[in-house]
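Asks: Per mature numbering (1 follows the signal peptide of the UniProt record, and there is no 0): the sequence shown = residues -27 to -1, 1 to 428. Here a beta-carbon is modelled for each residue, glycine too, at the ideal position from N, C-alpha and C.
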Amino acid sequence: MNRFRLLLHTVPLVMVATMAPSSPAEAETTVRTGGIDGVPYRVEVPSHWNGTLLLWSHGAYSLEAPAPSDIELTNHPATRQWLLDHGYALAASKLRSPRGWGAVESGLKDQIDLLDWFTANIGKPKRTISAGASAGGLTAVLLAERNPGRFAGVASLCGVVGGTTGHFNSALDANFAVKTLLAPSLDVVNIKDPQTNTANARRALGAALASPTGRARLALAAALADIPARYTARAPAPDTVAGQVEQQTYYAAYDRGAFWGLNRTDIEQRAGGNPSWNTGVNYRKLLARSTQKALVARAYSDAGLSLHRDLARLNAAPRIKANAQAVRYLNRYGTPTGRTTAPVITLHSTGDGSVPTDNQRRYATKMHRADLKQLYVDRGYHCTFTASEEILTLQTLLTRMKANHWPTTNPTPLNKAAAELAPETQTVFDTDPEPGLHPTTPSFTHHTPGPYLRP
């Protein structure tokens, strides 16, 4: 893989900074906002700054909705306040392309531009942590890999650290199965009408849920992308096959389902063609490696349907070839190499169907074991962490940065320490019963991810 080098001073940076008022609770925090070459940023520095800067990379916002107006500085809002209260400075760029996969490409330049601005205008940090969530968790890793010596540590939350190529290939596998077995009129690449295709896909998925045959084929499609059956943060997976497949289908319709339309066409436009392929893929072998294969077997048994025949249909269907130039683009933005001078800690929900935990297994094969620590929480959905869990994760990384060895990360003491933090750090985003932050308890757990299904 080509190592991307940022050329920072070939074009003058237009830097505009303003002093923004702070709320009474943040009276001793200096807030700097402005733009670098027209890209908005936000910097917050406590009066008792301890010399450590956390540079935050946000995720790739969906093209189906406007990007948030605020600039995120942490995943959970209470994590931000805890960091400021304990002397840590925070900085984040909104990115030139905050929506779609351009967030990764933009982040690799815009975040370094902001780090340079911080050094010139605030002061050189003693230590800088590269941190982020989702696609931003990938950006955080890539920033450290491609800028050796600039970062003392990396915190990747719910990151796509298996790499973008496999991420998009897995989405293609799931959608290819839906098209082949349920809705042949759908486009999966080179989508002609993204909005209509997305609407048609969601209708087809909803209709399939109404019958045992449809649910069996939906379970198969989800298993090919290793999508677990937990769409809400706090509730366990449902007991019934129908309930579990319904949870998986929410991902297929609304999270992985983003690849039915604008988010798929966006990456193809950026990459100069389709970067995903299933040429040479044996779907029978792929299913055999999936952590969801038992649910597929139950669903097909309940439906009285032949799994053997449906897998034969998938393997016989015309395949999709990738554009070589587009694959190179996707590898560049990006596929981690595992080569970094900074220690890396990751945090992932075990029931994440947007970015399954097999991403962590893939990343672990590339990293030197002494430089990597991987933590898990027992929850569904994507990036569903309490502030207390995020704080303990960062404290673990900080100990490694200072002592050059990892502290114990057994779930029991981690949960005990997290539970002792303030009540405002003990909430998590959940869609049930309605979207918002809901009270919960720390849920660090042991977890062994399944194999990474696709290159």
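Decide if ASP325 is buried, meaning its Cβ has at least 16 other Cβ atoms within 10 Å, or exposed.
Replies: The residue labelled residue 325 in the question sits at position 352 within the sequence shown. Label assigned to ASP325: buried.
Asks: Comparing alpha-carbon positions, which option in HIS31, ARG53, HIS49 lies nearest SER66?
Replies: The residue you call residue 66 lines up with position 93 of the sequence shown. Considering only alpha carbons, the answer is HIS31.
Asks: Identify, in the order they occur along the chain, each residue of the same chain with its Cβ nearer than 6 angstroms to the Cβ of PRO71, setting aside the five sequence neighbours on each side.
Replies: By 1-based counting over the sequence shown, the position of residue 71 is 98. Only TYR34, ALA40 meet the Cβ criterion.
Asks: THR137 by DSSP, collapsed to three states: which one?
Replies: Stepping through the sequence shown from its first residue, residue 137 is reached at position 164. THR137: helix per DSSP, three-state reduction.
Asks: Taking the alpha helix (DSSP H) that VAL18 falls in, what are its first and last residues?
Replies: By one-based count along the sequence shown, residue 18 stands at place 45. Looking at the DSSP string, VAL18 is not in any alpha helix (DSSP H); the run it does join, the beta strand (DSSP E), is 12 to 19.
Asks: Evaluate LYS346 with the Cβ neighbour count: other Cβ atoms within 10 Å of its Cβ, from every protein chain shown; 16 or more gives buried, anything less gives exposed.
Replies: The residue given as residue 346 occupies position 373 in the sequence shown. Buried is the call here.
Asks: How do the region 96 to 116 and the region 284 to 303 stand: do at least 3 beta-carbon pairs fall below 8 angstroms, yes or no?
Replies: No, the region 96 to 116 does not touch the region 284 to 303.
Asks: So what does DSSP say about SER103, is it helix, strand or coil?
Replies: What you label residue 103 is simply residue 130 of the sequence shown in a count that begins at 1. Strand, per DSSP.
Asks: For residue 430, name the three-state secondary structure that DSSP assigns.
Replies: The chain is shown only over -27 to 428; residue 430 falls outside these bounds and no answer can be derived.
Asks: Pick from LEU410, GLN220, ALA174: whose alpha carbon is nearest that of LEU159?
Replies: Start at 1 with the first residue of the sequence shown, and residue 159 comes out as number 186. Looking at the Cα atoms, ALA174 is the closest of the given residues.
Asks: Quick one: measure Cβ to Cβ for TYR224 and TYR204, integer angstroms, because I've assumed they're closer than 8 angstroms.
Replies: Counted from its first residue, the sequence shown places residue 224 at position 251. Counted from its first residue, the sequence shown places residue 204 at position 231. Indeed, because the Cβ distance is near 6 angstroms, the residues count as touching under 8 angstroms.
Asks: Could you tell me how far apart the beta carbons of TYR354 and ALA206 are, in whole angstroms, since I believe they sit closer than 8 angstroms?
Replies: Translated into the one-based positions of the sequence shown, residue 354 becomes position 381. Translated into the one-based positions of the sequence shown, residue 206 becomes position 233. TYR354 to ALA206, Cβ: 5 angstroms. Contact.
Asks: Within 10 angstroms of its Cβ, does THR359 collect 16 or more other Cβ (buried), or is it exposed?
Replies: Counting from 1 along the sequence shown, the entry for residue 359 is found at position 386. Buried: at least 16 other Cβ atoms inside 10 Å.
Asks: If you check the beta carbons only, do LEU394 and PHE402 fall under 7 angstroms apart?
Replies: Within the sequence shown, numbered from 1, the residue matching residue 394 stands at position 421. Within the sequence shown, numbered from 1, the residue matching residue 402 stands at position 429. Not in contact: LEU394 and PHE402 (Cβ atoms no closer than 7 angstroms).
Asks: Just the C-alpha distance for PRO424 and LYS339, rounded to the nearest angstrom, thanks.
Replies: Along the sequence shown, one-based indexing puts residue 424 at 451. Along the sequence shown, one-based indexing puts residue 339 at 366. The straight-line gap from Cα to Cα measures roughly 14 angstroms.
Asks: Which residues does DSSP pair with LEU28 in a beta bridge?
Replies: What you label residue 28 is simply residue 55 of the sequence shown in a count that begins at 1. Its beta-bridge partners are ALA64, SER103.
Asks: Where does the unbroken alpha helix (DSSP H) through VAL161 begin, and where does it stop?
Replies: Within the sequence shown, residue 161 is the residue found at index 188, counting from 1. Note, VAL161: premise wrong, no alpha helix (DSSP H); not H, not E.
Asks: With 16 as the cutoff for other CB atoms within 10 Å, does HIS49 come out buried or exposed?
Replies: Taking the sequence shown and counting its residues from 1, the one referred to as residue 49 is at position 76. Burial call: buried.
Asks: Should the region 165 to 182 be regarded as contacting the region 311 to 329, the criterion being three or more beta carbon pairs within less than 8 angstroms?
Replies: Counting Cβ pairs under 8 angstroms, fewer than three are found: no touch.
Asks: Output needed for ASP58: all residues of its chain with C-beta closer than 8 angstroms, excluding positions within five of it in sequence on either side, in chain order.
Replies: As a working mapping, residue 58 is identified with position 85 in the sequence shown. Excluding residues within five positions, the ones whose Cβ falls inside 8 angstroms are PRO19.
Asks: Could you give the residue range of the alpha helix (DSSP H) that holds PRO412?
Replies: Position 439 of the sequence shown, counted from the first residue, corresponds to residue 412. Per DSSP, PRO412 belongs to no alpha helix (DSSP H); it is in the beta strand (DSSP E), 409 to 412.
Asks: Let me make sure I understand the geometry here. Which of PRO329, THR92, ARG342, ASN377 has the alpha-carbon closest to that of CYS356?
Replies: Walking along the sequence shown from the start, residue 356 turns up at place 383. Taking only the C-alpha atoms, the option nearest CYS356 is PRO329.
Asks: Cβ atoms of THR25 and ARG100: under 7 angstroms apart, would you say?
Replies: Taking the sequence shown and counting its residues from 1, one reaches residue 100 at position 127. Taking the sequence shown and counting its residues from 1, one reaches residue 25 at position 52. Cβ distance < 7 angstroms, so ARG100 and THR25 count as in contact.
Asks: Between which two residues does the alpha helix (DSSP H) holding SER70 run?
Replies: Counting from one through the sequence shown, the residue named residue 70 turns up at place 97. Premise fails: SER70 is in no alpha helix (DSSP H) and is neither H nor E.
Asks: Are GLU78 and TYR306 close, meaning C-beta to C-beta below 7 angstroms?
Replies: Along the sequence shown, read from residue 1 onward, the residue named residue 78 stands at position 105. Along the sequence shown, read from residue 1 onward, the residue named residue 306 stands at position 333. Going by C-beta atoms, GLU78 is nearer than 7 angstroms to TYR306.
Asks: Grab the span of the alpha helix (DSSP H) containing ILE240 for me, first residue to last.
Replies: In the sequence shown, residue 240 corresponds to position 267, counting from 1. Unbroken alpha helix (DSSP H) run through ILE240: 235 to 244.
Asks: Are ASP199 and ASP283 close, meaning C-beta to C-beta below 7 angstroms?
Replies: Sequence index remark: in the sequence shown, residue 199 carries index 226 (1-based). Sequence index remark: in the sequence shown, residue 283 carries index 310 (1-based). Against a cut-off of 7 angstroms, the Cβ pair of ASP283 and ASP199 comes out as no contact.
Asks: Thinking just about the alpha-carbon of each residue, which of ALA390, THR413, ARG335 is nearest to the one in ASP351?
Replies: Working through the sequence shown from its first residue, we reach residue 351 at position 378. When each option's Cα is compared against that of ASP351, the closest is THR413.
Asks: My assumption, with CB atoms under 8 angstroms, is that THR319 sits in contact with GLY132. Please give the rounded CB distance.
Replies: Counting from 1 along the sequence shown, the entry for residue 319 is found at position 346. Counting from 1 along the sequence shown, the entry for residue 132 is found at position 159. At roughly 6 angstroms, the Cβ-Cβ gap stays under 8 angstroms, so THR319 and GLY132 are in contact.
Asks: For THR366, which residues of its own chain have a beta-carbon under 7 angstroms away from its beta-carbon, when the five flanking residues on both sides are left out?
Replies: Along the sequence shown, one-based indexing puts residue 366 at 393. Closer than 7 angstroms at Cβ, skipping near neighbours: ALA128, ILE318, LEU320, LEU348.
Asks: Which value, in whole angstroms, describes the spacing of the CA atoms of ASN251 and PRO211?
Replies: Translated into positions along the sequence shown, residue 251 becomes position 278. Translated into positions along the sequence shown, residue 211 becomes position 238. Cα to Cα, ASN251 sits roughly 31 angstroms from PRO211.
Asks: Evaluate GLU1 with the Cβ neighbour count: other Cβ atoms within 10 Å of its Cβ, from every protein chain shown; 16 or more gives buried, anything less gives exposed.
Replies: Working through the sequence shown from its first residue, we reach residue 1 at position 28. With fewer than 16 Cβ atoms within 10 Å of its Cβ, GLU1 is classed as exposed.
Asks: Look up ALA93 in the DSSP assignment and say whether it is helix, strand or coil.
Replies: Counting from one through the sequence shown, the residue named residue 93 turns up at place 120. Helix at ALA93.
Asks: Quick check on the burial criterion: 16 or more other C-beta atoms within 10 angstroms. Buried or exposed for LYS165?
Replies: Counted from its first residue, the sequence shown places residue 165 at position 192. It counts as exposed.
Asks: Decide if SER249 is buried, meaning its Cβ has at least 16 other Cβ atoms within 10 Å, or exposed.
Replies: Numbered from its first residue, the sequence shown carries residue 249 at position 276. It is buried - the Cβ of SER249 has at least 16 other Cβ atoms within 10 Å.
Asks: Would you identify the three-state DSSP class for PRO428, choosing helix, strand or coil?
Replies: The residue you call residue 428 lines up with position 455 of the sequence shown. Here PRO428 sits in coil by DSSP.
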